Amino acid sequence: MVGGHHATLLAEDFKIPEIDFIVVGEGTAPFAKLIKLFSDESENSSVPGVWKNTHSGWEFGGDQSELQLDQVAPPLRSLCIDDRSHYFIDWMKPIALMRTTVGCPYRCTFCSLWKMMDGYYYKREVDAVITELKEIKEPYVFLVDDEPFVNSKRMDVLADSIRESGIQKEYFSYCRIDTLLRNKSTLKKWVDIGLRRVFLGIEGITEDEIENYNKGLSIAQIEDGLKAARELGLKVFASFIVNPNYSKADFTRLSRFIERNRIDYPSFTILTPLPGTDDFIQQYDQITAWQSSHRPDWSKWDLQHLVVPSNLSPREFEKEYKNLRRNFRGAYEIHQRKAIAARDDLTLTI
């Protein structure tokens, strides 16, 4: 049985004899139904959202009904109780993951997240979020929502409820730059209840890049948003897409942008046409990494390899990319030292 982003957006890659079921979309409900069918010895029945390998070929169980996010059971964290003290993101240790929403209303060309949910945005009830937060033992929480702050009124209510409930946590969350700019008062409220870090998807540093990625931003907004995050006291993790069309001057320009805007923790990925994305459809014929089966060589789809032609030679591009990462290695080392200190503090506490 397989599922996840790739299986949802390109199920054909998994229609092989070794696989019995392909779960597409949000997998919790289909997986539960499959388990029940097995326990009832009725595995020949079809399940919405699941491809089944049969003697006569692959059969699809039909589309799932609309996701009811509050009906999805929270993770049974007690199953991994012995490991939980080891979960960390730098100095945030131990840390728990949770989600309060699923999906994203934006339409970035490189992103598969909104495709996964067919463009819909689902929200959990605030009371359900509070109940789960109260059950989390860890002092740190990473909100893994694709874009939690897009609905500022809901996040205001959630922040108020967290404060009124007396929940004491520190948070790390994703957030769009324009969302931050529009909702600074909401972000301030979250800082007051423990938000310490935000992951900002900057991606491009020129107007052309931003337009091509369909980010719906401007460079001025990006720089204003970074300034606003600093003024709020938030540590910024920022992601940048390194386009294969980069020249040496573009690599230098990116480094200068990061330095000028005093970004705490820059992260880099090479633009990769992910399965199901607009980029994948547009760039499929340009892919350079293939398997003998005439399918893309997915082992290279780790966002750290060139899989389409580059402006520089592959060797030159790799050299510039390594230098870029090396230039900001100090940021990684600082966070690593904080992580070690957090680990030592935890050991002393235990």
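In the working numbering, the protein residues as written are 9 to 358.
Idealized CB from N, CA, C, for every residue including glycine.
This one's a predicted model, so the numbers in the text were calculated from it and none came from an experiment.
Can you tell which of the options has its C-alpha closest to the C-alpha of residue i?
i: L320; options: N253, K308, W198 and S307; result: N253
i: V137; options: I289, M9 and I175; result: I175
i: M100; options: K327, K235, R204 and I30; result: R204
i: E26; options: L18, Q79 and M9; result: M9
i: E267; options: N335, G233, G202 and L242; result: N335
i: T277; options: R264, Y292 and F259; result: F259
i: M106; options: K308, V152, L242 and N251; result: V152
i: S255; options: V55, F325 and I271; result: F325
i: K123; options: R132, G111, Y130 and K131; result: G111
i: R333; options: L262, S169 and G209; result: L262
i: V206; options: D200, G224 and R184; result: R184
i: G57; options: I30, D272 and F22; result: I30
i: G224; options: T285, G284 and G209; result: G209
i: I271; options: V80, R238 and V199; result: R238
i: H13; options: N61, W66, W309 and A257; result: W309
i: S64; options: V158, D28 and A81; result: D28
i: Q79; options: L242, T296, P322 and R132; result: R132
i: N198; options: L240, N61, P82 and Y292; result: Note that residue 198 is Trp in the sequence shown, not Asn. Ranking L240, N61, P82 and Y292 by Cα distance to W198 puts L240 first.
i: F265; options: E231, S169, T285 and S301; result: E231
By Cβ distance, which residues of its chain are closer than 8 Å to residue i, with the 5 residues on each side in sequence left out?
i: I227; result: I213, T214, E215 and I218
i: Y221; result: C116, T117, F118, E211, G212 and I249
i: R92; result: R85, P102, A104, K145 and E146
i: Y130; result: L75, L77, T109, V110 and G111
i: Q72; result: G33, E34, A37, P38, P56 and G57
i: G233; result: I185, D186, L188, L189 and L208
i: E328; result: Y254, K256, F259 and L320
Look up residue i in the DSSP assignment and say whether it is helix, strand or coil.
i: Y329; result: helix
i: N222; result: coil
i: N61; result: strand
i: A246; result: strand
i: Q76; result: coil
i: C119; result: coil
i: S275; result: strand
i: E26; result: coil
i: C88; result: helix
i: P304; result: strand
i: L234; result: helix
i: Y129; result: coil
i: T260; result: helix
i: A81; result: coil
i: T357; result: Low per-residue confidence applies at T357: pLDDT is 41, beneath 50, and the placement is therefore not dependable, though the value from the model is reported in the following sentence. If DSSP states are grouped into helix, strand and coil, T357 belongs with the helices.
i: R171; result: helix
i: L151; result: strand
i: L105; result: strand
i: S53; result: coil
i: W66; result: strand
i: S193; result: helix
i: M163; result: helix
Apply the 10 Å Cβ neighbour rule to residue i and answer buried if 16 or more other Cβ atoms are within range, or exposed otherwise.
i: S181; result: buried
i: W298; result: exposed
i: N269; result: buried
i: P156; result: buried
i: P304; result: buried
i: Y46; result: Checking the displayed sequence, the identity of residue 46 turns out to be Phe instead of Tyr. Exposed, by the Cβ-count rule.
i: L87; result: exposed
i: Y128; result: exposed
i: N251; result: buried
i: Y114; result: buried
i: R337; result: exposed
i: D154; result: buried
i: D90; result: exposed
i: I24; result: exposed
i: G11; result: buried
i: T187; result: buried
i: E274; result: The question names Glu, but residue 274 is Pro in the sequence shown. Looking at its Cβ environment, which holds 16 or more other Cβ atoms inside 10 Å, P274 is buried.
i: S120; result: buried
i: I289; result: exposed
i: N191; result: buried
Note down, in chain order, each residue of its chain lying with its Cβ closer than 7 Å to the Cβ of residue i, except the 5 sequence neighbours on either side.
i: I97; result: I103, F150 and F180
i: V165; result: V134
i: Q294; result: V316 and P317
i: T357; result: The pLDDT assigned to T357 is 41, lower than 50, so where the model puts this residue is not dependable; a value taken from the coordinates is nonetheless given after this. Answer for T357: no residue qualifies.
Ignore the nearest five residues each way along the sequence and tell me which others in residue i's own chain have a CB closer than 6 Å to its CB.
i: S436; result: Because the chain is modelled from 9 through 358, residue 436 falls outside the range shown and cannot be assessed.
i: T194; result: S160, M163 and D164
i: G5; result: The displayed coordinates of the chain run from 9 to 358. Any statement about residue 5 would go beyond what the structure contains.
i: P283; result: H14, L17 and L18
i: G202; result: K177, E178 and Y179
Quick check on residue i - is its C-beta less than 8 Å from some C-beta in chain B?
i: R261; result: You won't find chain B in this structure, because it holds only one protein chain.
Practice item. Decide if the region 136 to 148 is in contact with the region 38 to 46; the criterion is three or more beta carbon pairs, one per stretch, under 8 Å apart. Key: With the cut-off at 8 Å, the region 136 to 148 and the region 38 to 46 do not touch.
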